[in-house]
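Our numbering applies: residue 4 is where the sequence shown begins, and numbers increase by one.
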Amino acid sequence: MSGLYHVLGAKQFDRAELDGLFESAKGMEQVAREGGNQQFPNKIMSTLFFEASTRTRFSFESAMHRLGGRVIGTENASQFSSTIKGETLEDTIRIISGYSDLIVMRHTDIGAAKRAAAVSSVPVINAGDGSGEHPTQALLDLYTIQKEFGRIDGLHIAMIGDLTYGRTVHSLSYLLANYKDVHLTFISPDNVRIPSYVKQYLDEKGVSYEETIDLAGIAKTADVFYQTRIQKERFPSPEEYSKAEGKYIIDRKLLDEMKASAMILHPLPRAGEIHPEVDSDPRAAYFRQAQNGLYIRMALVEKCFS
Ligand code: CP
Numbered sequence: 004m005s006g007l008y009h010v011l012g013a014k015q016f017d018r019a020e021l022d023g024l025f026e027s028a029k030g031m032e033q034v035a036r037e038g039g040n041q042q043f044p045n046k047i048m049s050t051l052f053f054e055a056s057t058r059t060r061f062s063f064e065s066a067m068h069r070l071g072g073r074v075i076g077t078e079n080a081s082q083f084s085s086t087i088k089g090e091t092l093e094d095t096i097r098i099i100s101g102y103s104d105l106i107v108m109r110h111t112d113i114g115a116a117k118r119a120a121a122v123s124s125v126p127v128i129n130a131g132d133g134s135g136e137h138p139t140q141a142l143l144d145l146y147t148i149q150k151e152f153g154r155i156d157g158l159h160i161a162m163i164g165d166l167t168y169g170r171t172v173h174s175l176s177y178l179l180a181n182y183k184d185v186h187l188t189f190i191s192p193d194n195v196r197i198p199s200y201v202k203q204y205l206d207e208k209g210v211s212y213e214e215t216i217d218l219a220g221i222a223k224t225a226d227v228f229y230q231t232r233i234q235k236e237r238f239p240s241p242e243e244y245s246k247a248e249g250k251y252i253i254d255r256k257l258l259d260e261m262k263a264s265a266m267i268l269h270p271l272p273r274a275g276e277i278h279p280e281v282d283s284d285p286r287a288a289y290f291r292q293a294q295n296g297l298y299i300r301m302a303l304v305e306k307c308f309s
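Encoded structure:
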């Protein structure tokens with residue numbers, strides 16, 4: 004519906020909007036440190052999650068509470084909403100948008116957030132649509148890079164693991180196209196390579212990238228290592244999954260090869276692809292990254308209501 008600020012995909016963000024959002028997130032860090040404020044006491048957020056989540060749902064709900072608002076919703080929405088009785092997504096959204104001022108939705112299907120936005124009378128935030136996109140994760144990823152490196156322009160960013168089904172990788176690639184002289188290296192097993200539609204977008208935007216299967220080969224040169232989980236639940240068969248799993252593990256040996264200034268990110272959850280021995284190294288930024296999700300999501304909530 005026109006006039007509403009939805010967050011549906013990463014391509015909707017330009018550099019100016021990203022700069023503004025990061026400035027706002029920085030301010031939200033202070034708000035959170037002070038325990039929150041009462042900016043939106045009369046607003047209600049619905050969280051509608053058809054797929055499991057820890058970070059995204061909790062941080063959005065925490066963001067809303069920190070800003071003085073209230074939250075209603077359901078996890079496991081395919082079981083605990085009337086979807087199980089055959090209600091369409093469109094009807095569910097029409098109903099929920101009458102009960103709340105903002106809908107944060109994670110769904111199994113690519114494009115579900117766009118379908119929701121088309122019938123919603125309130126803003127919709129895409130909290131992950133199948134193997135499509137996860138724009139708010141990519142925003143917090145980028146915020147973490149900006150915050151810790153002090154810049155994004157000119158960085159060499161390696162994305163590792165499940166690049167076919169990895170929705171955060173797709174969204175982050177789109178966001179990085181806003182920056183100057185970034186170089187992307189996509190490292191994956193052969194059966195989960197970066198999709199051609201992502202590469203096509205990078206080509207259109209003139210972004211430099213390469214694909215390889217050799218993680219060790221870029222260990223000394225990359226600035227950011229964006230590790231991802233091989234998502235067992237998205238593979239068509241156990242055989243396909245077994246071809247991809249366990250190939251790339253960040254451990255002490257690899258860490259010793261990396262630049263002193265390097266940064267290791269992971270959207271989490273992890274399932275063995277970063278050894279816990281890496282956690283205590285200052286280059287391991289993934290828990291700080293997850294924390295930044297709160298501040299970015301507070302900034303996004305504010306933007307949806309402004
Ligand atoms: N990174 C992320 O989306 O985590 P959750 O699945 O726990 O929300």
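Beta carbons: idealized from backbone N, C-alpha and C, even for Gly.
Excluding sequence positions up to five before and after K183, its CB lies within less than 8 angstroms of the CB of D156 and G157, all in the same chain and listed in chain order. Residues I128, N129, P138, T139 and L303 of the same chain have their beta carbon placed closer than 7 angstroms to that of V10, with the five preceding and five following residues left out of the count. K306 and Q42 have their alpha carbons spaced roughly 12 angstroms apart. The stretch 235-246 makes no contact with the stretch 206-214: fewer than 3 CB pairs, one atom from each, lie closer than 8 angstroms. DSSP places D144 inside the alpha helix (DSSP H), whose first and last residues are P138 to F152. Set against 8 angstroms, the gap from the CB of T77 to the closest heavy atom of ligand 1 is not smaller. In the pairwise beta carbon analysis, the stretch 149-169 is classified as touching the stretch 185-200: at least three pairs are separated by under 8 angstroms. In terms of CA proximity to Q234, G133 leads the group R118, F61 and G133. In this structure, the straight-line span from the alpha carbon of R255 to that of I106 is close to 42 angstroms. If you check the CB distance, L178 and Y229 do not come in under 9 angstroms. In the structure shown, the three-state DSSP call for N129 is strand.
Taking C-beta separations shorter than 8 angstroms and ignoring five residues to either side along the sequence, the partners of G101 in its chain run S124, following chain order.
For E276, there is no enclosing beta strand (DSSP E), as DSSP marks it with neither H nor E. A distance below 7 angstroms between beta-carbons, with the five flanking residues on each side excluded, links K208 to the following residues of its chain, in chain order: A180. By the Cβ test, the stretch 62-74 is in contact with the stretch 32-48, since at least three Cβ pairs between them sit closer than 8 angstroms. Per DSSP, reduced to three states, the secondary structure at A287 is strand. For V227, no alpha helix (DSSP H) encloses it; the enclosing beta strand (DSSP E) starts and ends at V227 to Q230. In the structure shown, V107 adopts extended strand secondary structure according to DSSP, grouped into three states. In this structure, ligand 1 has a non-hydrogen atom nearer than 8 angstroms to the beta-carbon of A55. Leaving aside the five residues that flank G12 on each side, the residues in its chain whose CB is nearer than 6 angstroms to its CB run, in chain order, E136 and P138.
Counting C-beta pairs with one atom in each stretch, the stretch 140-153 and the stretch 78-85 have fewer than three that are closer than 8 angstroms, which means they do not touch.
With a cutoff of 8 angstroms, H137 counts as near ligand 1, since its C-beta is closer than that to a heavy atom of the ligand. With distances taken between CA atoms, P272 lies nearest to R232 out of R232, R237 and P279. Each of L24, L175, T95 and L257 was checked against the Cα of H278, and the nearest Cα belongs to L257.
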